Amino acid sequence: MKQVLKSVFLFALLTAGFAGSGVVAEEEYSLPAIQGYDLVSYHQAGGPVRGNGYYYAQYEGVLYLFASEENRNSFQAEPGKYLPAYNGYCAMGVAKGKKFIGDPLAYKIVDGRLYLNVNAKVQEYWLKDVSGNIADANDFWPDIMDRSIADLLAE
């Protein structure tokens with residue numbers, strides 16, 4: 004019981020610490036990932052839907068929610084097929100050497116890969132040269148993937 008109380012206290016403390024955080028945060032991953040949207044649903048008719056607490060999976064330390072057991076099982080069988088490009092950061096931002104949290108509703112599937120952008124306006128700009136922007140982002144990503152958002156914004 005004592006261990007359970009410690010865990011609950013620690014969770015509450017960590018949650019309170021993130022409650023007031025803005026766009027630039029020390030923590031690189033939000034929990035759950037991509038604001039709880041089901042990654043598999045992006046590849047299905049009807050587009051993205053939010054997952055729920057009944058079906059979830061953890062992959063490389065990140066929590067993902069799913070709308071159904073079938074979607075969770077599909078993800079677990081082939082996570083690379085469903086994970087968003089650039090860990091879910093804005094594809095246009097990465098193309099410019101920056102990291103911004105992607106909006107799960109500003110998305111595009113290109114050659115089977117999910118790309119997020121920070122908002123619909125940036126998405127419109129990104130769509131004007133998808134292949135060029137992906138090429139630029141692919142060039143930048145190895146250099147910025149392990150750097151913090153704050154560090155990149157300070158440049």
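Numbering follows my numbering, with no gaps: position 108 of the sequence shown is 111.
Quick reminder that beta carbons are idealized off the backbone N, C-alpha and C, glycines included.
Treat the numbers as computed from the prediction; the structure is a model and nothing was measured.
Can you round the beta-carbon distance between D106 and L68 to whole angstroms, since I take them to be within the 8 angstroms contact cut? For D106 against L68, the beta-carbon gap comes to about 17 angstroms, at or over 8 angstroms, which does not count as contact.
Practice problem: Consult DSSP for F78 and reduce its assignment to one of helix, strand or coil. | Solution: DSSP places F78 in the helix class (H, G or I) of the three-state scheme.
- Task: Using DSSP bridges, identify the partner residues of N55.
- Result: DSSP lists F69 as the bridge partner or partners of N55.
Considering K111, what are the terminal residues of the beta strand (DSSP E) in which it resides? Unbroken beta strand (DSSP E) run through K111: D106 to V113.
For the beta strand (DSSP E) holding N120, just list the boundary residues, first then last. Element bounds for N120: R116 to N120.
Notebook entry, point to check: How far does the alpha helix (DSSP H) with S134 in it reach, from first residue to last?
Noted result: Taken as a continuous stretch (DSSP letters only), the alpha helix (DSSP H) holding S134 covers V133 to I147.
Inset, instruction - Out of Y92, N120 and A60, point me to the one whose CA is closest to M148's CA. - result: Comparing alpha carbon positions, the residue from Y92, N120 and A60 closest to M148 is Y92.
Applying the criterion that 16 or more other CB atoms from any shown protein chain within 10 Å of the CB defines a buried residue, is N141 buried or exposed?
By the 10 Å Cβ count, N141 comes out exposed.
Check whether the stretch 55-75 and the stretch 101-120 touch, using three or more Cβ-Cβ pairs below 8 angstroms as the test.
No contact exists between the stretch 55-75 and the stretch 101-120.
Closest by C-alpha distance to I152, when choosing among K131, A70 and V97 = Taking only the C-alpha atoms, the option nearest I152 is V97.
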